[in-house]
Amino acid sequence: MRGPNDIGGLDAGPVDTEPHNMSFWEKQIDALNMLLGVKGIRRTDENRRYIEMLGHDAYNTLSYYERWTASMSRLLIDKGYITQDEIDAKIADLRIRLRNDLAGGCPTGEHLAPEESRSDG
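Shown next, in the form of structure tokens:
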């Protein structure tokens, strides 16, 4: 049975080879992935295995860095660095902060990275 990333020989359409600007959160995930490798917390083969373990549905619906986020989360849970409860609590906190921001609690976007909070207009 093929893994979700094994698309060799399948018609997948054209590949977009244009450079893509990374958002702030994608840069953070990229840096975290590199640090986990440098610190010996995850190996390259583990990274690939955990991404493949996401399954076909998640692999095909999540973006590149969303897959990295999901796979790193699972790896860190499995290795005992964090718990699912800690992740769930942080997600709940972020949802509250976002809801407050959207309600006017943080109209300037001061919680964002400088390049994301600037207005060019």
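0 is the number of the first residue of the sequence shown in numbering that gives the first Met the number 0; add one for each residue after it.
All residues carry an ideal CB built from backbone N, CA and C; glycine is no exception.
Just so you know, these numbers come straight off a predicted model, no measurement behind them.
Beta carbon of residue i nearer than 7 Å to that of residue j
i, j, result
"threonine 68", "isoleucine 28", "yes"
"arginine 41", "leucine 34", "no"
CB-CB length for residue i against residue j, believed under 8 Å
i, j, result
"arginine 73", "tyrosine 49", "6 Å"
For residue i, three-class secondary structure by DSSP
i, result
"glutamate 85", "helix"
"glutamate 17", "coil"
"lysine 78", "coil"
Residue nearest to residue i in terms of C-alpha spacing, selected from the options
i, options, result
"aspartate 20", "Tyr64, Asn32, Arg47, Thr60", "Correcting the residue type first, residue 20 is asparagine in the shown sequence and not aspartate. Nearest C-alpha to asparagine 20: Tyr64."
"phenylalanine 23", "Leu31, Glu17, Thr16", "Leu31"
"threonine 43", "His55, Met71, Asp56", "Met71"
"lysine 78", "Leu101, Gly39, Leu53", "Gly39"
Own chain, CB closer than 7 Å to residue i, minus 5 neighbours either side, in chain order
i, result
"glutamate 45", "Leu74"
"valine 37", "none"
Any non-hydrogen atom of the ligand SAM within 6 Å of residue i CB
i, result
"valine 14", "This structure does not include the ligand SAM; it has no bound ligands of any sort."
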